[in-house]
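Below: one structure, written as structure tokens.
Number of protein chains: 4
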Amino acid sequence: MSVQLAIDPAHSAVLSMDFSTAIVSIYSPDPQSFLARTASVLKQARSSGITVIHVRVGFRPKLPEINPRNTLFSAIKNSVKHQQLFEGAAGEIHPAVAPEGDDISVTKHRASAFTGTDLDMILRANDIDTLILFGIATSGVVLTVRHAADADYRLVVIKDCCADLDAEVHACLVDKVFPRQATVLSASEFLEGLKSIKPASEP
Amino acid sequence: MSVQLAIDPAHSAVLSMDFSTAIVSIYSPDPQSFLARTASVLKQARSSGITVIHVRVGFRPKLPEINPRNTLFSAIKNSVKHQQLFEGAAGEIHPAVAPEGDDISVTKHRASAFTGTDLDMILRANDIDTLILFGIATSGVVLTVRHAADADYRLVVIKDCCADLDAEVHACLVDKVFPRQATVLSASEFLEGLKSIKPASEP
Amino acid sequence: MSVQLAIDPAHSAVLSMDFSTAIVSIYSPDPQSFLARTASVLKQARSSGITVIHVRVGFRPKLPEINPRNTLFSAIKNSVKHQQLFEGAAGEIHPAVAPEGDDISVTKHRASAFTGTDLDMILRANDIDTLILFGIATSGVVLTVRHAADADYRLVVIKDCCADLDAEVHACLVDKVFPRQATVLSASEFLEGLKSIKPASEP
Amino acid sequence: MSVQLAIDPAHSAVLSMDFSTAIVSIYSPDPQSFLARTASVLKQARSSGITVIHVRVGFRPKLPEINPRNTLFSAIKNSVKHQQLFEGAAGEIHPAVAPEGDDISVTKHRASAFTGTDLDMILRANDIDTLILFGIATSGVVLTVRHAADADYRLVVIKDCCADLDAEVHACLVDKVFPRQATVLSASEFLEGLKSIKPASEP
């Protein structure tokens, strides 16, 4: 299949979300090929002149960002064991898909990459209007996808760079929910589409 | 089943979303019982002292709120026929579940009830920390649910006051995605739970 | 003096703030010339193809938008007399500078035109990156100016379309605080500058 | 004069803004007494059980947060010399008023402490409704004060822990603009007022 990818690298960013070492090991059934695929998307995006942004969860000591009313995140605040998933090497982005060169890193404290972060500020500052998104878990990515749709970004979701413990939820989101707001592609379709796009800096 | 509903009416609000006459007629397979059920939730919420907030989509003339990059909403901007769904009687909230008494109405121009509205301002101004949500379509409600979770509201979703054209999407969201952030109840469970809660003004 | 106005009408909007009949009568020492001057700015902006947006304060019945902790606005909520300034003809924009044609109206419930409104959504949807601002009182305009600066809009303030009860505060803001973020012009300088700009639709 | 300070330490936070070593040395005419006064406010706030939050400007390498349209901040992005004010020891908070113990640090990239930061998230997560603010320059503090007023925080400004290169601007803001939204106190009035407040943890 020929994929026509109508994106302008100078106004596009890849959002690689929640690829910390701990999260990858928990959510991905086949980490090696999952990481290799994602690494190759990041590499080609960079060489095409697309901005690459990494988003991960992180906290200050004693997690002052967390509200006791927030079920999901107060479970982390109340458990030293849960917190260890976000600290030290476990909490860092897996070396296979880690930030390189001019990549930008954003730390979030909630599910959406936009909530309480400077992500929207950075995107606007760089005149970015198109996002290529993927991450773990798929059921977490849905919020950022829709948050971004409401903020008027053009959206591409790379489905096989998303992973979820529940295969049915993954399929439902990727096949039925995401397509209402986003172009949903496989990594190979995206890479194929990138080939026909010249980086802005080339003649 | 006995439902223990741990909510304080003085700090709770019902969010009834997108019950316009046109949307109800498109999305609900059995509008009569769907509306009767929802009306009864609204009525009991009011008499329990819970704030009731109605959210619907609406636009200024010529839809200056819509960005051409927003696929979902520019489809409305570009089609007079689509716009008619949000105008006049079709766009008003269905009389069976319409605002009454001190109910509050919020007009939105995007999928989330929070995006570009004064909803969060109103909730904070009234010290509301718990939301009881439902609406059409279920796949639209998911964004507001997660937006609200990220904003640290306690959440109850009333599943049979949600409706979606795709039964599989409805089931996946209601059974698997919503429960990660919210207590998911049927209308009858919610009404049963309300009985054990005295309104704040009673002795 | 020759004014070089480096604005592109297709990406610019005038923000005319808080010109309700009651507010004009309270704050302006010489309403007739003040309104005539402002009307002429609005008229020339429209005929140059600049979007015109009017912002005024307004509330739902019983003011559910107001938090008792907000000193400024709870004073309004607690006083029927204060509320009358925002209701009926008194609360409407003065007829001399009222919305015309495709002008856009925004209702706010706080000091800044951005807080809890769809103003930023509308500006982004229309690819507007430059704001020409003025309003009453000058000490209220300062917040929207700085809010807009933080949101990366290019800014022009028209100083003699601002008014404040305290002449010293007006002078301090207009002469010393606004120039740090905005180009500060008189109405006649702005109108002079507009002459050299052709509307986008002209050949 | 006896000051009645109606604050509850468990729901209050001190915001100490822009006390980096470089900014202090540029803006304060008498750094030694200025820093001693501020340090004593921080110390007493901590021992009264008030949360202390430090806010400073900082950037990622190459300043991707900055929009070329933002006059104030693109001047920094375009000047290596300006950037040095925010890097290394110069950009760190002055040792005399630096974070201690459980103090929280927030990094901003715009004028307001709220723009593009997790400050509001942290304040809400900790049920904080009252802010005691001060910082450099006074003309920068005004935005955070009004931003916070619009977000319904109760406000106290400590005037002699603010400094501005222009004495007239400082006086105008502190004497005439801040009092419209905030209680304006001297450091000694604040410290005097604190004495009558028992920390929440005491019997």
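Chains B, X, R and L supply the protein sequences, listed in that same order.
Residues in the first sequence are numbered consecutively from 0, following numbering that gives the first Met the number 0.
Residues in the second sequence are numbered consecutively from 0, following numbering that gives the first Met the number 0.
Residues in the third sequence are numbered consecutively from 0, following numbering that gives the first Met the number 0.
Residues in the fourth sequence are numbered consecutively from 0, following numbering that gives the first Met the number 0.
Virtual Cβ for every residue (Gly too), placed ideally from N, Cα, C.
Computed from a predicted model, the values in this text were never measured in an experiment.
**OP:** Mind listing the chain R neighbours of X/R45? Cutoff is C-beta to C-beta under 9 Å, in chain order.
**Re:** Translated into the one-based positions of the second sequence, residue 45 of chain X becomes position 46. Here the premise fails: no neighbours, minimum Cβ distance about 15 Å.
Subject >> Range covered by the beta strand (DSSP E) that runs through L/V13 >> reply: Locating residue 13 of chain L in the fourth sequence gives position 14, counting from the first residue. Start and end: S11 to M16.
**OP:** For the alpha helix (DSSP H) holding R/V51, just list the boundary residues, first then last.
**Re:** Along the third sequence, one-based indexing puts residue 51 of chain R at 52. No alpha helix (DSSP H) holds R/V51; the beta strand (DSSP E) holding it covers T50 to V56.
Original post:
Are the beta-carbon atoms belonging to R/V105 and R/I22 less than 8 Å from one another?
Top reply: The sequence position of residue 105 of chain R within the third sequence is 106, counting from 1. The sequence position of residue 22 of chain R within the third sequence is 23, counting from 1. No, these two residues do not count as a Cβ contact at 8 Å.
Subject >> Three-way DSSP call (helix, strand, coil) for X/F189 in this model >> reply: Counted from its first residue, the second sequence places residue 189 of chain X at position 190. Helix at X/F189.
Original post:
Per DSSP, what kind of secondary structure is B/K158 in: helix, strand or coil?
Top reply: Along the first sequence, read from residue 1 onward, the residue named residue 158 of chain B stands at position 159. In the structure shown, B/K158 sits in a helix (DSSP, three-state: H, G or I).
**OP:** Put X/L184 into one of helix, strand or coil per three-state DSSP.
**Re:** Residue 184 of chain X sits at position 185 when you count from the first residue of the second sequence. Here X/L184 sits in strand by DSSP.
Subject >> Neighbour-count burial assignment, X/G134, 16 or more Cβ in a 10 Å radius >> reply: Working through the second sequence from its first residue, we reach residue 134 of chain X at position 135. It counts as buried.
**OP:** Please list the residues of the region 104 to 124 of chain R that have a C-beta atom closer than 9 Å to any C-beta atom in chain B, keeping them in chain order.
**Re:** Residues passing the 9 Å Cβ filter: M120, R123 and A124.
Original post:
Considering only residues of the same chain and omitting the five flanking positions on each side of B/S111, which have a CB-CB separation below 7 Å?
Top reply: Here residue 111 of chain B refers to the residue found at position 112 of the first sequence. Excluding positions up to five away in sequence, the list reads L142, T143 and H146.
**OP:** Assign R/F133 to one of three DSSP states: helix, strand, or coil.
**Re:** The residue you call residue 133 of chain R lines up with position 134 of the third sequence. In the structure shown, R/F133 sits in a strand (DSSP, three-state: E or B).
Subject >> Proximity below 8 Å, CB of L/L154 to CB of L/L132 >> reply: In the fourth sequence, counting from the first residue as 1, residue 154 of chain L sits at position 155. In the fourth sequence, counting from the first residue as 1, residue 132 of chain L sits at position 133. Closer than 8 Å, so yes.
Original post:
Which class does B/R59 belong to by DSSP, given the choice of helix, strand or coil?
Top reply: As a first step, residue 59 of chain B is located in the first sequence; it is residue number 60 there, counting from the start. Note: B/R59 maps to coil in three-state DSSP.
Original post:
Which residues in chain R sit within 8 Å of L/K76, going by Cβ to Cβ distance?
Top reply: Stepping through the fourth sequence from its first residue, residue 76 of chain L is reached at position 77. What L/K76 touches in chain R, judged by beta-carbon distance under 8 Å, is nothing: the nearest beta carbon there is about 12 Å away.
Original post:
Can you tell me the Cα-Cα spacing of X/Q3 and B/I121, whole angstroms?
Top reply: Within the second sequence, residue 3 of chain X is the residue found at index 4, counting from 1. Within the first sequence, residue 121 of chain B is the residue found at index 122, counting from 1. Rounded to whole angstroms, the gap between the alpha carbons of X/Q3 and B/I121 is 45 Å.
Original post:
What residues in its chain sit with their C-beta under 8 Å from that of R/S19, if we drop five residues either side in the sequence?
Top reply: Looking up residue 19 of chain R in the third sequence gives position 20. The answer, listed in chain order, is R55, V56, L84, F85, A89, G90, E91, I92 and H93.
**OP:** Would you grab the beta carbon distance between X/V156 and X/A181 for me? Rounded to a whole angstrom, and I think it's under 8 Å.
**Re:** Looking up residue 156 of chain X in the second sequence gives position 157. Looking up residue 181 of chain X in the second sequence gives position 182. Contact flag correct, Cβ pair sits at about 5 Å.
Original post:
Between the C-alpha atoms of L/A162 and L/S27, what's the straight-line distance to the nearest angstrom?
Top reply: Position 163 of the fourth sequence, counted from the first residue, corresponds to residue 162 of chain L. Position 28 of the fourth sequence, counted from the first residue, corresponds to residue 27 of chain L. Cα to Cα, L/A162 sits roughly 6 Å from L/S27.
Original post:
What does a CB cutoff of less than 7 Å around X/R36 pick up in its chain, not counting 5 residues either side in sequence?
Top reply: Counted from its first residue, the second sequence places residue 36 of chain X at position 37. Correct list, in chain order: D159, C160 and A186.
Original post:
Alpha carbon to alpha carbon, how far is B/I75 from R/I25?
Top reply: As a first step, residue 75 of chain B is located in the first sequence; it is residue number 76 there, counting from the start. As a first step, residue 25 of chain R is located in the third sequence; it is residue number 26 there, counting from the start. Cα-Cα distance, rounded: 54 Å.
Subject >> Neighbouring residues, chain L, relative to R/V176 (Cβ below 7 Å) >> reply: For the purposes of this step, residue 176 of chain R is taken as the residue at position 177 of the third sequence. S138 and V168, listed in chain order.
Subject >> 7 Å Cβ cut-off: residues of chain X touching R/I65 >> reply: Position 66 of the third sequence, counting from 1, holds the residue named residue 65 of chain R. Those within 7 Å of R/I65 in chain X are A124.
**OP:** With a threshold of 16 other CB atoms inside 10 Å of the CB of X/P8, please say whether the residue is buried or exposed.
**Re:** Residue 8 of chain X sits at position 9 when you count from the first residue of the second sequence. X/P8 is buried by the Cβ-count criterion.
Subject >> X/R109 - DSSP class collapsed to helix/strand/coil >> reply: Within the second sequence, the letter at position 110 stands for residue 109 of chain X. Note: X/R109 maps to coil in three-state DSSP.
Original post:
With distances taken between CB atoms, is the gap from R/D151 to L/R59 smaller than 8 Å?
Top reply: Mapped onto the third sequence, residue 151 of chain R falls at position 152. Mapped onto the fourth sequence, residue 59 of chain L falls at position 60. Contact annotation: R/D151 and L/R59 have beta-carbon atoms that are not nearer than 8 Å.
Subject >> Per DSSP, the bridge partner or partners of B/S19 >> reply: Here residue 19 of chain B refers to the residue found at position 20 of the first sequence. In DSSP, B/S19 forms a bridge with B/I92.
**OP:** Could you work out which residues of chain R lie near B/D151, taking near to mean beta carbons separated by less than 9 Å?
**Re:** Here the question's residue 151 of chain B lines up with position 152 in the first sequence. Going along chain R in sequence order, the residues near B/D151 (Cβ under 9 Å) are M120, R123 and A124.
**OP:** Identify the contact partners of X/A35 in chain B, using a Cβ-Cβ distance below 7 Å as the criterion.
**Re:** For this step, residue 35 of chain X is matched to residue 36 along the second sequence. What X/A35 touches in chain B: nothing, since even the nearest Cβ is about 29 Å away.
Subject >> Same chain only: Cβ atoms within 6 Å of L/S11, ignoring 5 sequence neighbours per side >> reply: If you number the fourth sequence from 1, residue 11 of chain L lands on position 12. For L/S11, where only same-chain residues beyond five positions count, the Cβ hits under 6 Å are I49 and T129.
Original post:
Looking at X/D17 and X/G139, is the spacing between their C-beta atoms short of 8 Å?
Top reply: For the purposes of this step, residue 139 of chain X is identified with residue 140 of the second sequence, where counting begins at 1. For the purposes of this step, residue 17 of chain X is identified with residue 18 of the second sequence, where counting begins at 1. Closer than 8 Å, so yes.
Subject >> C-beta contact flag for L/L34 and L/A97 at 8 Å >> reply: The residue labelled residue 34 of chain L in the question sits at position 35 within the fourth sequence. The residue labelled residue 97 of chain L in the question sits at position 98 within the fourth sequence. Contact flag unset, no.
Subject >> Closest by C-alpha distance to B/L71, when choosing among B/L41, B/E99 and B/R109 >> reply: On the first sequence, position 72 is the one that residue 71 of chain B refers to. The closest CA to that of B/L71, considering only B/L41, B/E99 and B/R109, is found on B/R109.
Subject >> Classification of R/G115 by the beta-carbon crowding that lies within 10 angstroms, buried from 16 upward >> reply: Locating residue 115 of chain R in the third sequence gives position 116, counting from the first residue. By the neighbour-count rule (16 or more Cβ atoms within 10 Å), R/G115 is buried.
Original post:
From B/L164 to L/A136, what does the alpha carbon distance come to, in whole angstroms?
Top reply: Walking along the first sequence from the start, residue 164 of chain B turns up at place 165. Walking along the fourth sequence from the start, residue 136 of chain L turns up at place 137. The straight-line gap from Cα to Cα measures roughly 51 Å.
Original post:
Since L/I196 is in the alpha helix (DSSP H), which residue starts that stretch and which ends it?
Top reply: Position 197 of the fourth sequence, counted from the start, is the residue given in the question as residue 196 of chain L. For L/I196, there is no enclosing alpha helix (DSSP H), as DSSP gives it neither H nor E.
Subject >> Other residues of its chain near R/S62: CB distance less than 6 Å, five sequence neighbours each side excluded >> reply: The residue given as residue 62 of chain R occupies position 63 in the third sequence. The sequence shown places Leu at residue 62 of chain R, rather than the Ser named in the question. These residues qualify, in order along the chain: K76.
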